[in-house]
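A.B. asks:
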Amino acid sequence: MPFYGLAQTFDSTYYHSYHREITARIFTSRKYTRLLLSEPGGTLKYRPNTPPNIGIGATYSFVTLNLAAGLGFLAPPNEKGRTRYLDLQTHFYFRRFSVDLLGQFYHGYYLPDAALRMDADYSRPDLRVAYGGAAGYYVFNFRRFSYRAAMVSDEWQLRSAGSFLAGWELYFGSIRADSALAPSFLSKDSSGYKTRSARFFEMGPGVGYAYTFVWRRHYFLTGGATVAGAYGTTHEYGNTAAQHEGFIPLVTYRLSAGYNGSLWGLHASWVNGQVALPGVYAAEAYRIKTGIYRLTVVRRFVLPARGKSVRYRALFFPTKSTTR
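Sequential numbering from 8 applies to the sequence shown in the numbering used here.
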């Protein structure tokens, strides 16, 4: 039978909600913002040197608080250089909507030695990426499909189900360096055009689909993808200035797998989004990939019943009516 609560309706034969309990978690995660630069000689894949994080958190109703600290000793400033960053990447999963908010500032990248066929990584401490935006999607089959069960674990998907998605995306930001984005010793461009910075803005509607496969009620595999048809504008600056416009697909996908039960849960998840930008060399001359890997263990705690909670408050905070 369906459950009525929180001003929304869902089919409790498909998933169970623990919104009246505390879902505590411990997790390890790693966020990233990568830059892919296409030019005549191929694609340069810039990566940040960022450490994994470890943290704790809790969810009650639709409110979630997570605190994490970086394990800096796992990403020392060696030949990769040092990356200073502020990553405010946040993903909200409501019953009817999923919302992504991005505010990312990365300073310092490197090119892997394997990709360059060199003896060491090539460090770019001058390279900066500032990137922000938002994406919101409506979950049509929210009565039977729960994104929260796969990504937050304060719900439990009991039966396999999926849903179509529809929404809107908007992104803006800049890429800049003290010298050419493509180093001269790697560039195969003979035109003499040297891009040192770029600014961009793009937005557009999107559609997608997500599905959770459930095995023996407890084990699940969730996959989802959205594609937005965005109209983008890029302003490039170097020895000359150029402007480029066009329609470019924006792709975001989510994967999650694990175990859900009445008390314990375990899931591994990956969220990855890509923004593509037109440029002088190609229709997708710049690609910014953002994402987060996360491994989470959750434990649920039942709050005291209303009568018990009143007695506990009276014990520690007595009033005139309770002290007679």
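Ideal Cβ positions, reconstructed from N, Cα and C, are used throughout, including at glycine.
Quick one: give me the first and last residue of the beta strand (DSSP E) that Arg135 is part of.
C.D. replies: Counting from 1 along the sequence shown, the entry for residue 135 is found at position 128. Per DSSP, Arg135 belongs to the beta strand (DSSP E) from Tyr129 to Val146.
A.B. asks: Check whether the Cβ atoms of Val234 and Gly213 lie closer than 8 Å to each other.
C.D. replies: Your numbering for residue 234 matches position 227 in the sequence shown. Your numbering for residue 213 matches position 206 in the sequence shown. Cβ atoms of Val234 and Gly213: closer than 8 Å.
A.B. asks: Are the segment 24-33 and the segment 152-170 touching by the rule of at least three beta carbon pairs closer than 8 Å?
C.D. replies: Counting Cβ pairs under 8 Å, three or more are found: they touch.
A.B. asks: Quick check on Ala290: does DSSP put it in helix, strand or coil?
C.D. replies: Walking along the sequence shown from the start, residue 290 turns up at place 283. Coil.
A.B. asks: To the nearest angstrom, report how far apart Ser328 and Pro311 are at their CA atoms.
C.D. replies: As a first step, residue 328 is located in the sequence shown; it is residue number 321 there, counting from the start. As a first step, residue 311 is located in the sequence shown; it is residue number 304 there, counting from the start. Per-residue confidence for Ser328 stands at a pLDDT of 39, beneath the threshold of 50, marking its modelled position as unreliable; the derived number appears in the next sentence. Their Cα atoms are separated by approximately 22 Å.
A.B. asks: Measuring only the C-alpha atoms, how far is Ile255 from Arg41?
C.D. replies: The count along the sequence shown starts at 1 and reaches residue 255 at position 248. The count along the sequence shown starts at 1 and reaches residue 41 at position 34. When rounded, the distance between both Cα atoms is 18 Å.
A.B. asks: Which same chain residues end up closer than 6 Å to Lys296 when comparing Cβ atoms and leaving out the 5 residues on each side of it in sequence?
C.D. replies: What you label residue 296 is simply residue 289 of the sequence shown in a count that begins at 1. Counting only Cβ-Cβ distances below 6 Å, and skipping sequence neighbours, we find Arg41 and Gln281.
A.B. asks: If you compare alpha carbons, which of Arg135, Ala264 and Gly230 is closest to Arg89?
C.D. replies: Along the sequence shown, one-based indexing puts residue 89 at 82. It is Arg135.
A.B. asks: For Ala168, collect the residues of the same chain with a Cβ closer than 7 Å to its Cβ; drop the 5 residues on either side in sequence, then sort them by chain order.
C.D. replies: For the purposes of this step, residue 168 is identified with residue 161 of the sequence shown, where counting begins at 1. Here the set comprises Tyr21, Asn148, Arg151, Phe152 and Thr219.
A.B. asks: Could you check how far apart the C-beta atoms of Ala187 and Arg203 are, in whole angstroms? I think they sit under 8 Å.
C.D. replies: In the sequence shown, counting from the first residue as 1, residue 187 sits at position 180. In the sequence shown, counting from the first residue as 1, residue 203 sits at position 196. Sure, about 6 Å apart at Cβ, within 8 Å.
A.B. asks: Helix, strand or coil, according to DSSP, for Asp161 in the structure here?
C.D. replies: By 1-based counting over the sequence shown, the position of residue 161 is 154. Of the three classes helix, strand and coil, the one that applies to Asp161 here is coil, per DSSP.
A.B. asks: Which two residues bound the contiguous beta strand (DSSP E) that contains Gly88?
C.D. replies: Here residue 88 refers to the residue found at position 81 when the sequence shown is read from its first residue. That residue, Gly88, is in no beta strand (DSSP E); it is neither H nor E in DSSP.
A.B. asks: Report the rounded CA-to-CA distance for Arg242 versus Leu193, giving the unit in angstroms.
C.D. replies: Reading the sequence shown from its first residue, position 235 is the one you call residue 242. Reading the sequence shown from its first residue, position 186 is the one you call residue 193. With the sequence shown as reference, residue 242 is identified as His, and Arg is not the correct amino acid for it. For His242 and Leu193, the distance between alpha carbons rounds to 23 Å.
A.B. asks: Where Gly353 and Ala173 are concerned, what is the direct C-alpha to C-alpha distance, given to the nearest angstrom?
C.D. replies: A question about residue 353 goes unanswered here, because the residues of the chain that appear run from 8 up to 331.
A.B. asks: Please identify the residue among Phe99, Phe104, Arg32 and Gln111 whose C-alpha is closest to the C-alpha of Tyr92.
C.D. replies: Here residue 92 refers to the residue found at position 85 when the sequence shown is read from its first residue. Of the listed residues, the one whose Cα sits closest to Tyr92 is Gln111.
A.B. asks: With DSSP as the reference, label Arg27 as helix, strand or coil.
C.D. replies: The residue labelled residue 27 in the question sits at position 20 within the sequence shown. Coil at Arg27, not helix or strand.
A.B. asks: Suppose contacts are defined by Cβ-Cβ distances below 8 Å. Is Arg307 in contact with Thr71 by that definition?
C.D. replies: Along the sequence shown, read from residue 1 onward, the residue named residue 307 stands at position 300. Along the sequence shown, read from residue 1 onward, the residue named residue 71 stands at position 64. Their beta carbons are not under 8 Å apart, which means Arg307 does not touch Thr71 by this criterion.
A.B. asks: Under the rule that 16 or more other beta-carbon atoms within 10 Å means buried, what is Thr16, buried or exposed?
C.D. replies: Locating residue 16 in the sequence shown gives position 9, counting from the first residue. Exposed is the call here.
A.B. asks: Can you tell me the Cα-Cα spacing of Arg131 and Tyr293, whole angstroms?
C.D. replies: Here residue 131 is taken as the residue at index 124 of the sequence shown, counted from 1. Here residue 293 is taken as the residue at index 286 of the sequence shown, counted from 1. Taking the straight line joining both Cα atoms gives about 17 Å.
A.B. asks: Ignoring anything shorter than 3 residues, give me the beta strand (DSSP E) runs that lie fully in the segment 20-72, in order along the chain.
C.D. replies: 22-24, 28-46, 49-53 and 60-67
A.B. asks: Please list, in chain order, all residues of the same chain as Ala289 whose beta carbon is under 6 Å from its beta carbon, the five residues on each side excluded.
C.D. replies: Reading the sequence shown from its first residue, position 282 is the one you call residue 289. Cβ neighbours of Ala289 beyond the five flanking positions: Ser45.
A.B. asks: Tell me where the beta strand (DSSP E) around Ser204 begins and ends.
C.D. replies: Residue mapping note: residue 204 aligns to position 197 of the sequence shown, counting from 1. Residues Thr202 to Trp222.
A.B. asks: Have a look at Val258 and Pro55 and give me their C-alpha separation to the nearest angstrom.
C.D. replies: The count along the sequence shown starts at 1 and reaches residue 258 at position 251. The count along the sequence shown starts at 1 and reaches residue 55 at position 48. C-alpha separation (whole angstroms): 21 Å.
A.B. asks: When the Cα atoms are used, what is the spatial distance from Asn85 to Phe104?
C.D. replies: The residue labelled residue 85 in the question sits at position 78 within the sequence shown. The residue labelled residue 104 in the question sits at position 97 within the sequence shown. In a straight line, the C-alpha of Asn85 is about 42 Å away from that of Phe104.
A.B. asks: If you check the beta carbons only, do Arg37 and Ile63 fall under 8 Å apart?
C.D. replies: Mapped onto the sequence shown, residue 37 falls at position 30. Mapped onto the sequence shown, residue 63 falls at position 56. Taking 8 Å as the Cβ cut-off, Arg37 and Ile63 do not qualify as a contacting pair.
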